[in-house]
Amino acid sequence: MAAAVSPTTPIDLPLERSLYVGNFFRAILYGIEVCTFFAAVYCISGRSSSYQRGRKIYVTYGAVLLSLVTIAVVTDALWGQFMWIDHRNYPGGPLGYFSATENAWYNVFGSAADATANILGDGLLVYRCYMIWGSRWYIIILPVLIYLASSVLVIITIVESSLPNSFLLNGKPANFGVPWVALSVSLNSSMRALTREVLSPEMSKTYTSVTAMLIESAAPFSILGIGLVVTEAQNGPLAIAFSYTWGIFCSLSPQMIILRVAMGHGWLKETVDQISTAPAFAEPLHFERKIMEGGGGENATLKVRLSRGAIVRKKRVLGVEEEK
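Residue numbers for the sequence shown follow this note's numbering, beginning at 208 and rising by one.
What follows is the structure, encoded as structure tokens:
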């Protein structure tokens, strides 16, 4: 049986607080993600096959993300139970147990699940950018290169953290982890810029409002990622709390996008098809609105000027749409 912790045992309280706070917020955000996923399932269940078309794959994607984050949350909770309850008398106390089990299989397994969710989430953003820009592959050359570099770095980080006497946020793993997180944040920021570039101010009211852009661009993910990069580069105890919280957003941010798609508020390929008669956009969209009143109702004609001179007209009469 392990010896009891003596009063002189060195205890790193900031580190333990960071672990506790990180697990606390992680559990809250996990509950939000579970609700978000099942809300998306509810939104498409019982709807017409035409509505479900193109959306089922997103919900399936969300199920994979939820499975991965569940693995990460369970392994982190298990580690906390071992450290603070089951092996609280371990030589050196909780900090001693923490140091001895940093690269335990369940820790590496949980980190790998988070890393996989990050790769899948970033991939979703790249795909949606490609789709919004009308499948113009050259638009996403740089984002794809950033995505590939980030994916390679995260794999190296996880492999390095699984080696003896290694920890994800210290030493050699951190040397790869900091640029990995930085690249992932850069990718998310570039996705937001590209999305705004293709839309006019009028279209932005629908798809780039504060709420929409927070979700579509995964802004919380980027902000927390910056905090993680700074604290990890400084080798401070807060890095653990940031890593736990940022890790859950690797799947929560894409999950929110999936919910918007399931609700009919997010971009689908059909969204692009509905506002364009040309195969691609060469310039941002510009809108011209003309309002005419009469006949007891309101007729609104919306002209969308496209790069190749194509014009799509939609006439709404008493809430009924028709195309000319």
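Think of the CB as a built atom: it goes at the ideal place given N, C-alpha and C, for glycine as much as any other residue. Model, not experiment: these values are computed from the prediction.
- R260: not part of any alpha helix (DSSP H); DSSP gives it neither H nor E.
- Ranked by Cα distance from K263, the first of A247, L275, G299 and L370 is A247.
- By the CB criterion at 8 Å, W340 and L394 fall outside the cutoff.
- Sequence-distant partners of M470 (beyond 5 residues in either direction) whose C-beta falls short of 7 Å from its own C-beta, in its chain, are C250.
- Taken in chain order, the whole beta strand (DSSP E) runs of length 3 or more contained in the stretch 296 to 335 number zero.
- Here D219 has L302 as same chain residues with Cβ atoms under 6 Å from its own Cβ, once five neighbours each way along the sequence are excluded.
- Looking at I278, C242, L222 and V276, the one whose alpha-carbon comes closest to that of G300 is L222.
- Ranking A426, S458 and I464 by CA distance to the CA of L236 puts S458 first.
- Sequence-distant Cβ neighbours of L285 in its own chain, meaning closer than 7 Å and more than five residues away, are Y313.
- In the displayed model, Q441 falls within coil according to three-state DSSP, outside both helix and strand.
- Distances from the CA of A381 to each of L226, I365 and T323 were compared; the closest alpha carbon is that of I365.
- Scanning L226, G253, N230 and D293 for the CA closest to the CA of V276 turns up N230.
- F289 and F305 have their C-alpha atoms spaced approximately 9 Å apart.
- In its chain, beyond the 5 residues on either side, F383, G384, P386, W387 and L390 have a beta carbon closer than 8 Å to the beta carbon of L360.
- Between M463 and P298, the alpha-carbon positions lie close to 43 Å from each other.
- In the displayed model, S256 falls within a helix according to three-state DSSP.
- In the three-state reduction of the DSSP assignment, L376 falls in the coil class, being assigned neither a helical nor a strand state.
- Sequence-distant partners of I447 (beyond 5 residues in either direction) whose C-beta falls short of 6 Å from its own C-beta, in its chain, are S225, L226 and G229.
- Counting only the Cα atoms, S368 lies some 45 Å from G253.
- Inter-residue distance for C336 and A307 is about 43 Å (C-alpha atoms, whole angstroms).
- Spanning the alpha carbons of F428 and D329 requires a straight line of approximately 11 Å.
- In the three-state reduction of the DSSP assignment, P461 falls in the helix class.
- For S358, the enclosing alpha helix (DSSP H) has its first and last residue at I348 to S368.
- For N310 against L370, the beta-carbon gap comes to about 7 Å, under 8 Å, which counts as contact.
- Beyond the five residues adjoining it in sequence on each side, N377 comes within less than 6 Å, by CB distance, of no other residue in the same chain.
- Rounded to the nearest angstrom, the gap between the Cα atoms of L466 and F244 is 7 Å.
- Residue range L220 to I251 is occupied by the alpha helix (DSSP H) that includes P221.
- The residues V333, C336 and Y337, in chain order, have a CB closer than 7 Å to that of I347 in the same chain once the five nearest residues on each side in sequence are set aside.
- In the three-state DSSP reduction, R343 falls in the coil class, being neither helix nor strand.
- The alpha carbon of S373 has as its nearest neighbour, out of V315, Y268, Y451 and P461, the alpha carbon of V315.
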